[in-house]
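Numbering (this note's numbering), first residue to last: 62 to 271.
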């Protein structure tokens, strides 16, 4: 029986996706899926990568189906829950379902700063799209609790919710606080390029802003 290394297969698939060789990537993943027996993790990884493929192609319903299969096969993978929740928000306006998935991440990894951050950002994005200012701002505040302590790098900071509330004109003060904390963290981690990039965001605020 052919031995299939799911990590290597997914790596090859992502290399194909980088150059938009979608058909070749799909064929590779589908063939490996057909050969996998009783290996939920491997099947889950292949379905997840197919989700990425179809999302890149703009075929969001197919992407969703594969993410859902992946999540059922690897139910305790927090990254899958965040990815599928964001798809629900961005493409299907299924905000309540997205919030439920994010809450599951908090339940799975309550002491993981990076995933808790992503979960709060995800919930905030859902509430912002729903027009719930209060809950969106609460999520923004929770997303920066601890000043990103426990993150490996400033690259792990997600600015999507900060941007979303700014676009709505809801939370200039809170958004500025978020960015200033991100700058402080980037400096602490000795990532001057990131600190400079985030500083440019702050500098873009009106001079009379809080």
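Beta carbons: idealized from backbone N, C-alpha and C, even for Gly.
These numbers were taken from a predicted model, which means no experiment stands behind them.
In this structure, how does DSSP classify residue i when only helix, strand and coil are distinguished?
{"i": "residue 230", "result": "coil"}
{"i": "residue 80", "result": "coil"}
{"i": "residue 151", "result": "helix"}
{"i": "residue 218", "result": "coil"}
{"i": "residue 138", "result": "coil"}
{"i": "residue 267", "result": "coil"}
{"i": "residue 259", "result": "helix"}
{"i": "residue 92", "result": "helix"}
{"i": "residue 8", "result": "There is no way to answer for residue 8, as the model of the chain reaches only from 62 to 271."}
{"i": "residue 144", "result": "helix"}
{"i": "residue 71", "result": "helix"}
{"i": "residue 244", "result": "helix"}
Determine the extent of the alpha helix (DSSP H) in which residue i is found, giving its start and end residues.
{"i": "residue 107", "result": "101–118"}
{"i": "residue 131", "result": "121–134"}
{"i": "residue 250", "result": "It is not in any alpha helix (DSSP H) - residue 250 carries neither H nor E in the DSSP assignment."}
Going by C-alpha to C-alpha distance, which of the options sits closest to residue i?
{"i": "residue 237", "options": "97, 117, 215, 265", "result": "265"}
{"i": "residue 143", "options": "127, 160, 154, 153", "result": "160"}
For residue i, does the count of other Cβ atoms within 10 angstroms reach 16, so buried, or fall short, so exposed?
{"i": "residue 62", "result": "Annotation note: pLDDT 49 at residue 62 (below 50); position unreliable, coordinate value reported separately. Answer is exposed; the Cβ neighbour count stays below 16."}
{"i": "residue 209", "result": "buried"}
{"i": "residue 267", "result": "exposed"}
Does residue i get closer than 8 Å to chain D when you measure Cβ to Cβ?
{"i": "residue 255", "result": "Structure shown: chain D not included; a single protein chain is present."}
Segments assigned alpha helix (DSSP H), at least 4 residues, entirely inside the stretch 162–214: 174–191, 194–204
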